[in-house]
Amino acid sequence: MDSSHVARNEEEIFDALYDSALAVLDSTPQLDTEQKTRALYFSHNLCTCEECQKECGAHINKKGQIRISKKFFHSTLNQKTPSPIGLLELMYTIFYQVLHGIFPELNEETIIEKTEQAWKSGMTELAKEKLNRNS
Ligand SMILES: [Zn+2]
C-alpha cells in the first residue's frame, strides 16, 4: 500500500494536481500571458452534480468554475493500473477544462487540438527547465 496516498485526502490531491496542470500551462509557448493569467482565476472543485455522477467526467460552468467529477476522480485514483498514469489522466482532464475556460468561444474539436499541443509543449518545456536546473 502506498502510504503517501493514505496521508493525503482527495481534496489535497486534487489541489496538487490542479497546480501541476497550471504549471504545465504556464510553461507552454502556445499561449500568451493574458491567456495564462486568465487560467489563474478559475475556481475549481470536485463536483457531485447529476451529470458528474452519471457520466463520470468534468465540466466548466457558466461562471467559469472548473468541476471535476468526484466519482471520476475517485475511481481514477483507485484504479488497478499504476497510479502515475491515473494521476496524469486527471491532470490532463483538468488541463483540458482550463483550456475550455480560456477559450469559451472555440468548438470542442479545436479545444482538443489546442489541449494536445499545449500539453505536449508545456511538458517538454518543464522537462527542459528541470534538466537545466539539475545540470
Ligand atoms: Zn458536475
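In our numbering, the protein residues as written are 75 to 209.
By construction, the Cβ of each residue, glycine as well, lies at the ideal position given by its N, Cα and C atoms.
Everything numeric in this text was worked out from a predicted model, so none of it was measured.
| Check | Outcome |
| --- | --- |
| With respect to 6 Å, is the separation between the Cβ of C213 and the closest non-hydrogen atom of ligand 1 below this value? | Within the shown structure, residues of the chain are numbered from 75 to 209, placing residue 213 beyond reach of any answer. |
| Our contact map puts L197 next to S94 with C-beta atoms below 8 Å; I'd like the distance itself, whole angstroms only. | Reading the sequence as shown, one finds Met at residue 197 and not Leu. So it is not a contact: roughly 11 Å between Cβ atoms. |
| I'd like the span of the beta strand (DSSP E) that includes C121, first residue to last. | H118 to C121 |
| If we count the other Cβ atoms within 10 Å of its Cβ and call it buried at 16 or more, is Y170 buried or exposed? | buried |
| Just the Cα atoms here: how many angstroms apart are F34 and E182? | There is simply no residue 34 to check, as the chain begins at 75 and stops at 209 in what is shown. |
| Beta-carbon separation of G41 and I134 under 7 Å? | Residue 41 lies beyond the residue range present for the chain, which begins at 75 and ends at 209; the question has no answer from this structure. |
| In this structure, how does DSSP classify S209 when only helix, strand and coil are distinguished? | coil |
| Work out the CA separation of F147 and A96 for me, nearest whole Å. | Per the sequence presented here, residue 96 reads as Leu, with Ala not at that position. For L96 and F147, the distance between alpha carbons rounds to 18 Å. |
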